[in-house]
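Read through the structure below, which is laid out as structure tokens, and then see the notes.
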Amino acid sequence: MKIAVLKEVGAETRVAAIPETVKKFAGLGATVAVERGAGVGASIADGDFEAAGATVGARAEVLKDADIILTVIGPEPDSVAGAKKGALLVGALDPAGRGDDVAAYAKAGLEALAMEWMPRITRAQSMDILSSQSNLAGYKAVVDAGSLFGRAFPMMMTAAGTVHPAKAFVMGVGVAGLQAIATARRLGAQVSATDVRSATKEQISSLGAKPIFVEGVAGIEGEGAGGYASETSAEYQAAQAELVSGHIAKQDIVITTALIPGRAAPRLISDAQLATMRPGSVIVDLAAEAGGNVEGCVAGETVERHGVKIIGAVQLARTLAADASALFSRNLANFLTAFWDKEKGGVVLPDEDEIVAAIRLTRGGQLVNERLKPAQ
């Protein structure tokens, strides 16, 4: 069984394997081939991969006879033209946004597996790339906010007087939100947070932050479908907007993380609400690529409205390439190891398995995922 690791292109700095996971694959009996320069963005030299037991070469050489192709971002179909039919293509393939590429993978005979569609179930936690990368994004959002904020985070008692702590507000308490809360608290800020899911109140409090929730209007009980939030009623949205308006004017740092799978990001902060914030305040919108939670947000840019800086965050995890690559590659290794058949010397993906059914996009030249079939 040969595993190929591709070098990412463009702004992507991460890599889908690290020396640690190369050794794991070798321990399973697999051979690993890494495209030359694949680890440069994550500070991993070709020699490090070779020392772990991999061979290093050009893409065509790496792809030749590969049974499994590991990637961070789905490659352009033409760039994997030399892959053999039936090979597994494993990574973040963006099936909802890159339907034409997924169709091309199918036409090429590749079995495409979208790791971002990993189900939120207990046995899949160690394979969940969204959680591992969101954790880093939540941390980096606070760090980036701090770099633009013109004041310190913690309270400081000095001979010249007291520096009061910054006030940080986190909107959306998933993996990224929880890490943002924890990071802002570690830096000494006074932190509050909100979410439409009632179950997150306890999580917010456990991190030492203050829960800010709509009272008297039902939000989403429990965790929502698959652990994600879903849309709320118009009544709740109106009550939440009123609550946020009264709270946000007092905040220095705001981190927004709200996403609804398959839909545009919900609007959480309006231009009118921005106008109530103090000049110099900073907002980091982690939903920028999905349209943004903040009115006026521009993905990939930092804009200023009413004296408030709005960071349209895009793929923050890749700015921490070494750690992001380590977590991402372990997610992939955990997935492959879980389905490794020692007797057959390779990965076996049962059709009836819940994980396989969720992430398999193509097989035998066809689109096979239920979430893609309506688009055929």
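The sequence shown maps to residues 1 to 376 in the UniProt record's numbering.
Idealized CB from N, CA, C, for every residue including glycine.
Since the model is a prediction, treat every value here as computed from it, not as a measurement.
Own chain residues within Cβ distance below 6 Å of residue i, not counting five before or after
i              : result
glutamine 251  : Lys167 and Phe169
valine 282     : Ala145, Leu148, Phe149, Ile253 and Lys309
valine 32      : Ile3, Val22, Phe25 and Ala54
alanine 317    : Gln133, Leu136, Ala137 and Ala324
cysteine 297   : Asp285, Ala288, Ile310 and Gly312
isoleucine 269 : Val294
alanine 180    : Gly138, Ala141, Val142, Val170 and Ile255
threonine 183  : Tyr139 and Val142
alanine 152    : Val163
Under the three-state DSSP convention, the category residue i falls into
i              : result
valine 32      : strand
methionine 156 : strand
lysine 167     : strand
isoleucine 18  : coil
isoleucine 3   : strand
leucine 88     : strand
glutamine 315  : coil
glycine 222    : Legend: pLDDT at glycine 222 = 46, less than 50; position of this residue unreliable, no value from coordinates given.
threonine 13   : coil
aspartate 341  : strand
arginine 267   : coil
arginine 197   : strand
glycine 346    : strand
valine 298     : coil
glycine 262    : coil
isoleucine 44  : coil
residue 387    : Nothing about residue 387 can be read from this structure; the chain reaches only from 1 to 376.
glycine 27     : helix
Beta-carbon proximity list for residue i, same chain, < 7 Å, skipping 5 on both sides
i             : result
valine 284    : Ala141, Asp144, Ala145, Ile255, Ile311 and Ala313
glutamate 50  : Val56
glutamine 240 : Val214
glutamate 301 : Gly312
proline 350   : Val356
threonine 13  : Gly41, Ala42, Arg318 and Ala321
Residues bridged to residue i (per DSSP)
i              : result
serine 192     : Phe169 and Lys210
tryptophan 117 : Tryptophan 117 is not bridged to any residue.
glycine 161    : Thr158
alanine 112    : Leu89
glycine 57     : Glu35
lysine 309     : Val282 and Glu304
threonine 362  : Leu367
threonine 256  : Met171 and Asp285
leucine 70     : Val5 and Val90
Residue i beta carbon near the ligand HEM (any heavy atom closer than 7 Å)
i         : result
valine 56 : By its list of ligands, the structure shown contains no ligand whatsoever, and the ligand HEM lies outside what it can speak to.
Supposed contact pair residue j and residue i - C-beta distance, whole angstroms, cut 8 Å
i              : j             : result
leucine 70     : leucine 130   : That belief does not hold up - the Cβ atoms of leucine 70 and leucine 130 are roughly 17 Å apart, past 8 Å.
glutamate 174  : threonine 257 : The residue asked about is misnamed: residue 174 is glycine in this sequence, not glutamate. Right, the Cβ-Cβ distance comes to about 6 Å (below 8 Å), so this counts as a contact.
alanine 4      : valine 62     : 5 Å
alanine 193    : glycine 177   : 7 Å
alanine 326    : isoleucine 18 : 6 Å
serine 245     : glutamine 203 : 24 Å between Cβ atoms; not a contact.
alanine 106    : threonine 362 : 4 Å
methionine 157 : glycine 188   : Incorrect: roughly 12 Å between the Cβ atoms, too far for contact.
leucine 367    : valine 102    : 7 Å
Proximity to residue i [Cα-Cα], best of the options
i              : options                           : result
methionine 115 : Arg123, Tyr105, Thr122 and Met127 : Met127
asparagine 334 : Val244, Ile3, Met155 and Gln125   : Gln125
isoleucine 359 : Lys344, Gly345, Leu332 and Gly346 : Leu332
leucine 28     : Leu207, Gly365 and Val347         : Val347
glycine 291    : Ala272, Arg263 and Gln273         : Arg263
proline 266    : Asp195, Ala11 and Gln203          : Asp195
glycine 82     : Ala60, Leu187, Glu301 and Leu274  : Ala60
glutamate 111  : Gly246, Gly91, Val298 and Glu235  : Gly91
glycine 364    : Gly109, Val102 and Val356         : Gly109
alanine 322    : Ala16, Gly10 and Met1             : Ala16
isoleucine 355 : Gly39, Asn369 and Thr302          : Asn369
glycine 41     : Gly172, Thr319, Gly47 and Pro77   : Thr319
arginine 371   : Phe328, Asp94, Val191 and Lys201  : Asp94
arginine 98    : Ala249, Asp67 and Pro77           : Pro77
arginine 36    : Ala58, Gly47 and Gly10            : Ala58
tryptophan 340 : Met277, Gly39 and Asp67           : Asp67
serine 329     : Met1, Lys84, Glu20 and Val303     : Glu20
lysine 84      : Asp65, Asp100 and Pro75           : Asp65
isoleucine 248 : Thr122, Ala96, Ala299 and Met277  : Met277
lysine 344     : Arg14, Ala299, Ala30 and Thr13    : Ala30
Cβ shell of residue i (< 8 Å), same chain only, five flanking positions each side left out
i           : result
glycine 222 : Low confidence applies here, because glycine 222 scores a pLDDT of 46, under 50, leaving its location unreliable and the question unanswered by this model.
serine 205  : Pro211
proline 279 : His306, Gly307 and Val308
Minimum Cβ-Cβ distance from residue i to chain C less than 8 Å
i          : result
valine 191 : Structure shown: chain C not included; a single protein chain is present.
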